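Colleague: The numbers in this note's numbering rise by one with no breaks, and the one at position 385 of the sequence shown is 385.
Glycine included, each C-beta is placed from N, C-alpha and C at the ideal position.
Treat the numbers as computed from the prediction; the structure is a model and nothing was measured.
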Amino acid sequence: MAAELTAHQLIAAHRPTLDQALEAIRTRAYWSPHPEHPKAYGEDGSLDMAAGKAAFDALLGTRLDLGQPGTDGFVGGEVSPYGIELGVEYPHADLDVLLPAMKAGQKAWRDAGAEIRAVVCLEILKRISDRTHEFAHAVMHTSGQAFMMAFQAGGPHAQDRGLEAVAYAYVEQVRTPDTAEWTKPQGKRDPLALTKRFTPVPRGIGLVIGCNTFPTWNGYPGLFASLATGNAVLVKPHPRAVLPLALTVQVARDVLGEAGFDPNLVALAAEHPGEGIAKTLATRPEIRIIDYTGSTEFGDWLEANARQAQVYTEKAGVNTVLVESAGDYKGMLSNLAFSLSLYSGQMCTTPQNLLIPRDGIRTDEGPKTFDEVVSDLARSIDGLLGDDARANALLGAIVNPDVKARLEAAAGLGEVALASREITNPEFPGAVVRTPVLVKLDGAKPDAEAAYMSECFGPVSFAVAVDSAADAVELLRRTIREKGAMTVGAYTTDEEVEQAVQEVCLEEAAQLSLNLVGGVYVNQTAAFSDFHGSGGNPAANSALCDGAFVANRFRVVEVRREA
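Okay, structure coming up:
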């Protein structure tokens, strides 16, 4: 295949961005090449708001034929959480044909080297970025995120995480030089001399098992980490969130072909309703890397059964915020209210348990009892979501019936401090929109423990009364150790309590946010600076993104000969 994109063109276009990404992961300072504001698009060939919406609308009811080998039919059936039938059909693959075709292109991709692979990946990300508005609608109507969140989290933030993975992959691959001249003195005899060549080689085919809630944000790190390290990548989307990842595969295949590589290095594995191909794929001998985001149950199954593959999981945990005292009481309440409400709590980083001493807390407004803290937080959430238009923009839609069922059941677990209410979305009457429920529990009662020590994914949070700050710290430790946590938050003006919480998070490997009262929230992380998960507690066995996330996706093979 004649390359339309030469190596020189790709390096000239994208090496500066790669270098900036390398500097960003070194300094951990703020940086992003992908604008967060919708109005920043529409120039340099990118789609503006209207063009992006039109492009998305044009996809509805169509067949997305990717030209993959082994296509034996087409599948579809996605229904937006906002009540729209997408009607898009995707290729269904005969794996015995598709997987060998994917492997066929790996030699040329391997031989291209780390820099070329990186800049090809950056060209893929650039083309996705140019279509951010289109992708935002695709994410919105598969995940239930409100548009602005789908635009930012599904667009620039996801692209940042993909670029971050490429940067880490590049660093790890060039850590070893391509060649070395080795000479060992032998005294009076001639020295021993060897020429050595070192080549990063891929493990095999990477499998990305997509999630329903953040298909691009959670999908891009594994996809680009595997691709940048020389592996072909098969993308198996969640059946309810195929479109964003199918579009991603389409862009990747186009770029690979134009750059002179086999488009089959990236392919899609869509499935029939109820087919459940993830287990079949995960244990195929050709699959050597797996990236998975989703339930603990299936994550544990993958870790136990996909023995031929290197498995990277982000599962579930019980995220906890310890509230011992507050130097800015109103700021704390406002920050927590937003954290609990954003995307209806359907984030793996949303706090669930709020540990509060039963005798109350000290604040800049004077002492507050346990009941006062909980009531004030309920009022803060109510105030934040009191206007239905604002509430729709923050909450989005409930992604699936399981979340709705958990929300409805939570009210029976304890005393309800804030009841969930139904909100109508005038633009999408079919959307299921609910405000969060806040439930009081007594941490000393065994029946309460069954509730707060289980993950309740969705807009459900528990205000747990504990005997003291010391008890809260120990409950925090036990929760992380037994159930895992993607995030931990703490509010305290006491230096000893702060040190105790920090020590727990260091010992149990959990990411900690202290005394957040402004526009940064415990359930948000910034690429190039923050680590998402740690890989050190049961919530996830990997972190987005660190060296460990990329380094085992390839091995270095040495060829040595006499000089």
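Taking all protein chains shown into account, do 16 or more other C-beta atoms lie within 10 angstroms of the C-beta of TYR30, making it buried, or fewer, making it exposed?
Modeller: Answer is exposed; the Cβ neighbour count stays below 16.
Colleague: So, under 8 Å CB-CB, VAL437 and LEU407 are touching, yes? Tell me the CB distance rounded to an integer number of Å.
Modeller: Right, the Cβ-Cβ distance comes to about 6 Å (below 8 Å), so this counts as a contact.
Colleague: Go ahead and label THR248 buried or exposed: buried means 16 or more other beta carbons lie within 10 angstroms of its beta carbon, across all protein chains shown.
Modeller: The residue is buried, with at least 16 neighbouring Cβ atoms inside 10 Å.
Colleague: By a C-beta neighbour count over all protein chains shown, 10 Å radius and 16 as the cutoff for buried, is GLN186 buried or exposed?
Modeller: With fewer than 16 other Cβ atoms within 10 Å, it is exposed.
Colleague: Identify, in the order they occur along the chain, each residue of the same chain with its Cβ nearer than 8 Å to the Cβ of ASP19, setting aside the five sequence neighbours on each side.
Modeller: No residues qualify anywhere along the chain.
Colleague: Could you have a look at ASN537 and say whether DSSP puts it in helix, strand or coil?
Modeller: DSSP places ASN537 in strand when its eight states are reduced to three.
Colleague: Are the beta-carbon atoms belonging to THR350 and SER334 less than 8 Å from one another?
Modeller: Cβ atoms of THR350 and SER334: not closer than 8 Å.
Colleague: One question on the structure: do PRO367 and ALA472 come within less than 8 Å of each other, judged by their Cβ atoms?
Modeller: Contact: no.
Colleague: Cutting at 7 Å between CB atoms, please list the residues of its own chain near LEU98, excluding the five before and the five after it.
Modeller: Contacts found: GLN68, PRO69, GLY70 and ALA267.
Colleague: If you check the beta carbons only, do GLU85 and ILE11 fall under 8 Å apart?
Modeller: Going by C-beta atoms, GLU85 is not nearer than 8 Å to ILE11.
Colleague: Between which two residues does the alpha helix (DSSP H) holding PHE135 run?
Modeller: Taken as a continuous stretch (DSSP letters only), the alpha helix (DSSP H) holding PHE135 covers 132–143.
Colleague: From HIS92 to SER468, what does the alpha carbon distance come to, in whole angstroms?
Modeller: Distance between the alpha carbons of HIS92 and SER468: 57 Å.
Colleague: Using only the alpha-carbon positions, how far apart do ASN319 and ARG288 sit?
Modeller: Distance between the alpha carbons of ASN319 and ARG288 is about 31 Å.
Colleague: With H, G and I counted as helix, E and B as strand and the rest as coil, what does DSSP make of LEU207?
Modeller: Reduced to three states, the DSSP call for LEU207 is strand.
Colleague: DSSP state of THR493, grouped into three classes?
Modeller: Three-state DSSP puts THR493 in coil, outside helix and strand.
Colleague: Once DSSP output is grouped into helix, strand and coil, what is the label at THR176?
Modeller: Here THR176 sits in coil by DSSP.
Colleague: Among ALA410, ILE480 and VAL557, which one has its Cα closest to the Cα of VAL460?
Modeller: The candidate whose alpha carbon is nearest that of VAL460 is ALA410.
Colleague: Using only CA atoms, which one of VAL517, LEU413 and ARG481 lies nearest to TYR452?
Modeller: Looking at the Cα atoms, LEU413 is the closest of the given residues.
Colleague: Quick one: grab the DSSP three-state call for GLN250.
Modeller: Residue state, collapsed to three classes: helix.
Colleague: Please tell me whether GLU314 and ALA540 are closer than 8 Å, where the distance is taken between their beta carbons.
Modeller: Against a cut-off of 8 Å, the Cβ pair of ALA540 and GLU314 comes out as a contact.
Colleague: Do LEU194 and ARG561 have their CB atoms nearer than 8 Å?
Modeller: Taking 8 Å as the Cβ cut-off, LEU194 and ARG561 qualify as a contacting pair.
Colleague: Which residues in the same chain have their Cβ closer than 7 Å to the Cβ of PRO202, if we skip the five residues on either side of it in sequence?
Modeller: Counting only Cβ-Cβ distances below 7 Å, and skipping sequence neighbours, we find GLN106, ARG110, THR229, GLY230, ASN231 and PHE554.
Colleague: Just to confirm the assignment, what range does the beta strand (DSSP E) spanning ILE289 have?
Modeller: Its beta strand (DSSP E) spans residues 287–293.
Colleague: With a threshold of 7 Å on Cβ separation, who are the neighbours of MET1 within its own chain once the five nearest residues in sequence on each side are excluded?
Modeller: Because MET1 sits at a pLDDT of 45, beneath the cut-off of 50, its placement in the model cannot be relied upon, and the point is left open.
Colleague: Who pairs with GLN310 in a beta bridge, going by DSSP?
Modeller: Answer is ILE289.
Colleague: Between the C-alpha atoms of GLU500 and ALA510, what's the straight-line distance to the nearest angstrom?
Modeller: It should be pointed out that residue 500 corresponds to Ala in this sequence rather than to Glu. Computed Cα separation, rounded: 13 Å.
Colleague: Decide yes or no for the touch test of the stretch 296–304 against the stretch 133–153: beta carbon pairs closer than 8 Å, at least 3 of them.
Modeller: Counting Cβ pairs under 8 Å, fewer than three are found: no touch.
Colleague: Quick one: any contact between the stretch 150–163 and the stretch 204–211, if contact means 3 or more CB pairs under 8 Å?
Modeller: No: the two stretches stay apart, fewer than three of their Cβ pairs being nearer than 8 Å.
Colleague: The beta strand (DSSP E) with LEU328 in it runs from where to where?
Modeller: It is Asp, not Leu, that sits at residue 328 in the sequence shown. Where ASP328 is concerned, there is no enclosing beta strand (DSSP E), given that its DSSP letter is neither H nor E.
Colleague: Can you name, in chain order, every residue of its own chain whose Cβ lies under 7 Å from the Cβ of ALA378, other than the five neighbours on each side?
Modeller: So the qualifying residues of the chain are ALA417, LEU418 and LEU438.
Colleague: State yes or no: is the C-beta of PHE198 within less than 8 Å of the C-beta of VAL556?
Modeller: Against a cut-off of 8 Å, the Cβ pair of VAL556 and PHE198 comes out as a contact.
Colleague: Could you compute how far the alpha carbon of GLN112 sits from the alpha carbon of ARG15?
Modeller: Note on identity: in this sequence residue 112 is Ala, with Gln being the wrong assignment. If I take the Cα positions, the gap works out to 15 Å.
Colleague: Going by other Cβ atoms of all chains shown within 10 Å of its Cβ, with 16 needed for buried, is ALA8 buried or exposed?
Modeller: The question names Ala, but residue 8 in the sequence shown is His. Exposed, since its Cβ has fewer than 16 Cβ neighbours within 10 Å.
Colleague: Identify the continuous alpha helix (DSSP H) that holds ASN218 and give its terminal residues.
Modeller: Where ASN218 is concerned, the enclosing alpha helix (DSSP H) stretches over 215–228.
Colleague: Drop a sphere of 10 angstroms on the beta-carbon of LEU354, count the other beta-carbons inside from all chains shown, and report buried for 16 or more, exposed for fewer.
Modeller: Buried, because 16 or more other Cβ atoms sit within 10 Å of the Cβ of LEU354.
Colleague: If the criterion is Cβ atoms closer than 8 Å, does the pair ILE381 and SER341 meet it?
Modeller: Contact: yes.
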